[in-house]
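A.B. asks:
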Amino acid sequence: MDCPCGSHTSYTDCCELAHLDLKSVRTAEQLMRSRYSAFVMGNGNYLMDSHHTSTRPVKEKKSIEAWAKSVSWIRLEVLDKEKGEISDLKGTVTFNAYFFENGKVDVIHEKSEFVKENGLWMYLGQAK
Numbered sequence: 001m002d003c004p005c006g007s008h009t010s011y012t013d014c015c016e017l018a019h020l021d022l023k024s025v026r027t028a029e030q031l032m033r034s035r036y037s038a039f040v041m042g043n044g045n046y047l048m049d050s051h052h053t054s055t056r057p058v059k060e061k062k063s064i065e066a067w068a069k070s071v072s073w074i075r076l077e078v079l080d081k082e083k084g085e086i087s088d089l090k091g092t093v094t095f096n097a098y099f100f101e102n103g104k105v106d107v108i109h110e111k112s113e114f115v116k117e118n119g120l121w122m123y124l125g126q127a128k
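So for the sequence shown, the UniProt record's numbering puts the first residue at 1; every next one is plus one.
1. Within 10 angstroms of the Cβ of THR92, are there 16 or more other Cβ atoms? Answer buried if so, exposed if not.
2. Just to confirm the assignment, what range does the beta strand (DSSP E) spanning ASP80 have?
3. Within its chain, find whatever has a CB closer than 6 Å to the CB of SER7; leave out the 5 residues flanking it on each side and keep chain order.
4. Between the Cα of SER63 and the Cα atoms of GLU77, GLY125, GLY42 and LEU17, which residue gives the shortest distance?
5. Going by DSSP, what residues sit across from LYS111 in a beta bridge?
6. Leaving out five residues before and five after GLU101 in sequence, what residues of the same chain have Cβ atoms less than 8 Å from its Cβ?
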């Protein structure tokens, strides 16, 4: 199976590595892509585990999973990234995530902020 993140590699050689072990994530973009794949698969545990503790929406986990499973994910488009490399402590990734819901195509456009927490890349939230 091709990885949902659009990397043109198999899921087992791409986002599954992150889903099995968050320590394998090396860059902010890789974390963003693995989070998109987790949305596609309705993997709420990974979405919570990869969300920074200061902004983690634990009480919304079930509703996030339910929504993620209720839509048909189309594709991820990475538009831009700033920092977020192996040696960085923070970075941003701008993306479009296309999905089909209620008979129409919709898009999530976001500039996401990522930071390292205890040496691991974490999603902090939408950049301001």
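Cβ atoms here follow ideal geometry from the backbone N, Cα and C, with glycine treated the same way.
C.D. replies: If we stick to the structure as given:
1. Buried is the call here.
2. Taken as a continuous stretch (DSSP letters only), the beta strand (DSSP E) holding ASP80 covers 72-83.
3. The answer, listed in chain order, is CYS14.
4. Taking SER63 as reference, the option from GLU77, GLY125, GLY42 and LEU17 with the minimal CA-CA separation is GLY42.
5. Note: LYS111 sits in a beta bridge opposite THR94.
6. Excluding its 5 nearest sequence neighbours in each direction, GLU101 has C-beta neighbours in its own chain below 8 Å: SER70, VAL71 and SER72, listed in chain order.
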